[in-house]
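Here the structure is laid out as structure tokens; the discussion comes afterwards.
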Amino acid sequence: MNGFRRSLTALAALCLFAASPPAPAADAPPERIYVNARVWTGAPERPSAEAFAVRGDRFLAVGSDAAVRALAGPETQVVDLGGRRVVPGFNDAHWHLPARKDARLDGAGSVAAIQQRLVEYSKTLPPDSWVTGRGWMPTDFPDRDAHRRYLDVIFPDRPVVIRDRDGHQALANTQALRLAKVTRDTPDPADGIVVRDADGEPTGLLKEGAASLVRKLLPPLTPQDEYRLLLDELAAAASFGLTSLQDASEGGPTELESGAVERAMAEGRLTVRYRTALPFEEQPDPRRLRSRVDGCRAAHDSLHTCGFVKLILDGTVDAKTAVMLEPYVGGGNGLAFLSQATLDRAVAAYDRAGLQVEIHAIGDGAIRMALDACERAARTNGTSGRRHRIEHVEVPALADLPRFRELGVIASTQAIFATPDVSTLENYAPLIGSERSARAQPFRLFDEAGAVQAFGSDYPVYPMDPLLGIYTAVTRQTPAGTPAGGWYPGNRIGVEAALAHYTRDAAYAEFAETDKGSITPGRYADFVVLSRDILAIPPAELLDARVLLTVMGGRETYSAARP
Ligand SMILES: [Zn+2]
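Structure below.
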């Protein structure tokens, strides 16, 4: 993409936060050494160390305190980490830049909490502007009855629209419905439902496509809004120890988003390594594809990279739209958005062009379709090593597990999806029954099958905090510690495996394992210092661990002392 090259030139000219600043002389001493640490390197050949040295944007040496101290020159800064645990920078393999700034309603748990968060958030906005939020659950409302009256109480005159956690429904208040001219006479759109009460009046709940009746009125973001949004998200990511984000948005970034990323890069404020998709087309034009592949190759050393397309093959278990081999309890097999023939053709076209394909597939039926498409593409094209990925890959058939390793297909899982909250226990699990629940989010089964498993969050659907993800993978419990023993505990994994999935394996999933993902001489100096030794504390205490320091390419991007 031209934009990438343009940005690279701008970056070189400004010489600010470059991924590859002018390399120091080969025999120059390190600028900084970090000593007295407990380092989990993520490198199997040297799993632990006490100290490491950084020169330019890369690790120069990793080893014992004495060996690393011996490298110091007169100008070298020595940082004593006080025995803290250090791990490679976290890499979120499945993340999205939110479309707009919203009040976060995740885990609110009650109407009162939703109301309070919305009121707090509204104070940060210009008066009378729309109040938007996302992350509520039907169980937050009495009798699971999400109704506009709960919003009207706090905002009688100001329009409010809030989306649920999965983005399949929205709740609007009376003022928002009024502005959108949604009344009892408004017909349901073809792709959604305007929920009505017994008298036929809209309740404010708008399912699927009906949400756009109201959401289309939200004022578009300006380039400056978008830039602020991006910088806020980058700051949040750094505070969670994230040094790499792989944006899984289908279609790739919008022009506004690309503009913000390029501006951040040019101004030295892109504080993560950021990977975005190319637009997906069912029948891509080979010439255009070739030029895109060239653009991505040129951007390889940049902070903003590309090289993949993302497509969505099925829906979700909760909505009964994930494609299952056998019917849901109560009927229905889900909904495939592409036929096998169309999927095969599209995957083969991108595979041929040298691009990676990320396929959103959740049900065992869709996962099998995706694996079949990857297998056929490799056979037809005579290719290998494309590292195609299946995103979410929630309920694989046991017979398909070995195929991940055989085909080199990556299992892009989200640890936090295994949170056994009310929605998991009372909707998700009953819909698929116990046999399938036992193989849902099967982190251990993937590891045992030798699959490369890359962890991500699916933010903003779920919080992006990798420590929360690690806690969930290790305990399969809610943050409150329920249920005792964990939800299908046979699929728990250890902290070390979870760390590998959030670092080294996530890097592999973006063809970057020789540049990052472990604390190894020559790799980018991306690392995190933690307040607790997560490899030594009991699992229940993982949630107490905090990020104290995040370093990306040798530069501090977050410090708890100076947040
Ligand atoms: Zn996603």
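Residue numbers (this note's numbering): -11 to 551.
Backbone N, C-alpha and C fix where the C-beta goes; we use that ideal spot for every residue, glycine too.
A quick note: this is a predicted structure, and the numbers were derived from the prediction, not measured.
Handout entry: Exposed unless 16 or more other CB atoms sit within 10 angstroms - verdict on Thr448
Key = The sequence shown places Pro at residue 448, not Thr. It is buried - the Cβ of Pro448 has at least 16 other Cβ atoms within 10 Å.
Exercise for the section: Check whether the Cβ of Asp339 lies closer than 8 Å to any heavy atom of ligand 3, and answer yes or no. Expected result: What this structure holds is ligand 1, not ligand 3.
Exercise for the section: Examine ligand 1 and report whether any of its heavy atoms sits within less than 8 Å of the Cβ of Asp236. Expected result: Looking at the sequence itself, residue 236 is Ala, so the reference to Asp does not match. If you check the C-beta of Ala236 against ligand 1, you find a heavy atom less than 8 Å away.
Problem - Cα-Cα separation, Gly229 to Arg275 - result: 39 Å
Exercise for the section: Would you kindly work out how many angstroms separate the C-alpha atoms of Glu45 and Arg20, rounded to a whole number? Expected result: The residue asked about is misnamed: residue 45 is Asp in this sequence, not Glu. About 11 Å.
Exercise for the section: Report yes if the C-beta distance between Glu346 and Ala403 is below 9 Å; otherwise report no. Expected result: Annotated as distal: Glu346 and Ala403, with beta-carbon spacing of 9 Å or more.
Exercise for the section: Out of Cys284, Gly121 and Glu269, point me to the one whose CA is closest to Ala91's CA. Expected result: Gly121
Handout entry: 9 Å Cβ cutoff met for Asp446 and Trp124
Key = no
Exercise for the section: State yes or no: is the C-beta of Asp493 nearer than 8 Å to some heavy atom of ligand 1? Expected result: no
Exercise for the section: Indicate whether the contact test is met: 3 or more Cβ pairs, each with one atom in the segment 311 to 329 and one in the segment 367 to 382, closer than 8 Å. Expected result: no
Exercise for the section: Give me whichever residues DSSP pairs with Ala158 in a beta bridge. Expected result: Arg151 and Leu194
Practice task
Measure the alpha-carbon distance for Thr127 versus Leu531 and round it to whole angstroms.
Solution key: 24 Å
Handout entry: Inter-residue CB distance, Lys195 and His156 (contact presumed, cutoff 8 Å)
Key = 7 Å
Handout entry: C-alpha distance - Pro86 paired with Ala25, whole-angstrom precision
Key = Roughly 36 Å between the two C-alpha positions.
Handout entry: Backbone CA spacing between Arg285 and Leu201 [nearest angstrom]
Key = 41 Å
Practice task
Compute the beta-carbon to beta-carbon distance between Leu537 and Val517, rounded to the nearest angstrom, for a pair I have assumed lies under 8 Å.
Solution key: Yes, they are in contact, since the Cβ atoms of Leu537 and Val517 sit about 4 Å apart, within 8 Å.
Practice task
Check each candidate in Val99, Val23, Ile142 and Ala494 and name the one with the smallest Cα separation from Val107.
Solution key: Ile142
Problem - alpha helix (DSSP H) segments (min. 4 residues) lying fully within the segment 29 to 78 - result: With a minimum length of 4 residues, the unbroken runs of alpha helix (DSSP H) contained wholly in the segment 29 to 78 fall at 53 to 57.
Problem - Nonlocal neighbours in the same chain, by C-beta distance under 6 Å from Tyr546, ignoring five residues either side - result: Ala226, Ser227 and Thr538
Handout entry: Sufficient close CB pairs (3 or more, under 8 Å) joining the segment 197 to 211 to the segment 155 to 170
Key = yes
Handout entry: Reduced DSSP secondary structure (H/G/I, E/B, other) of His292
Key = Of the three classes helix, strand and coil, the one that applies to His292 here is strand, per DSSP.
Exercise for the section: For Asp360, name the three-state secondary structure that DSSP assigns. Expected result: helix
Problem - Extent of the continuous alpha helix (DSSP H) run through Gly123 - result: Segment Val119 to Trp124 is the beta strand (DSSP E) holding Gly123; no alpha helix (DSSP H) there.
Handout entry: For Arg92: DSSP bridge partner residues
Key = Arg122, per the DSSP bridge assignment.
Handout entry: Short Cβ contact (9 Å threshold) for Ala164 with Val148
Key = Contact flag set, yes.
Exercise for the section: Drop a sphere of 10 angstroms on the beta-carbon of Gln271, count the other beta-carbons inside from all chains shown, and report buried for 16 or more, exposed for fewer. Expected result: exposed
Problem - Beta-carbon proximity list for Leu4, same chain, < 6 Å, skipping 5 on both sides - result: Since pLDDT at Leu4 reaches only 36, below the 50 mark, its modelled position is unreliable, and no value is offered.
Problem - Cβ-based neighbour list, Pro207, same chain, cut-off 6 Å, excluding 5 preceding and 5 following - result: none
Exercise for the section: Can you have a look at Ala574 and say buried or exposed, based on whether 16 or more other CB atoms are within 10 angstroms of its CB? Expected result: Since the first residue of the chain shown is -11 and the last is 551, residue 574 is not available in this structure.
Handout entry: Euclidean distance between Cα positions of Arg137 and Ser246
Key = 39 Å
Exercise for the section: Give the DSSP-derived three-state secondary structure of Ala265 in the structure shown. Expected result: Ala265: coil per DSSP, three-state reduction.
Problem - Outcome for Ser98 when other beta-carbon atoms lying within 10 angstroms are tallied against a minimum of 16 - result: exposed
Handout entry: Of the residues Ala101, Glu38, Asp213 and Ser232, the one placed nearest Leu113, counting alpha carbons only
Key = Ranking Ala101, Glu38, Asp213 and Ser232 by Cα distance to Leu113 puts Asp213 first.
Problem - C-alpha distance - Asp514 paired with Gly505, whole-angstrom precision - result: 8 Å
Problem - Where His489 falls: helix, strand or coil (DSSP) - result: helix
Exercise for the section: Using a threshold of 9 Å, state whether the C-beta atoms of Pro76 and Leu48 are closer than that. Expected result: no
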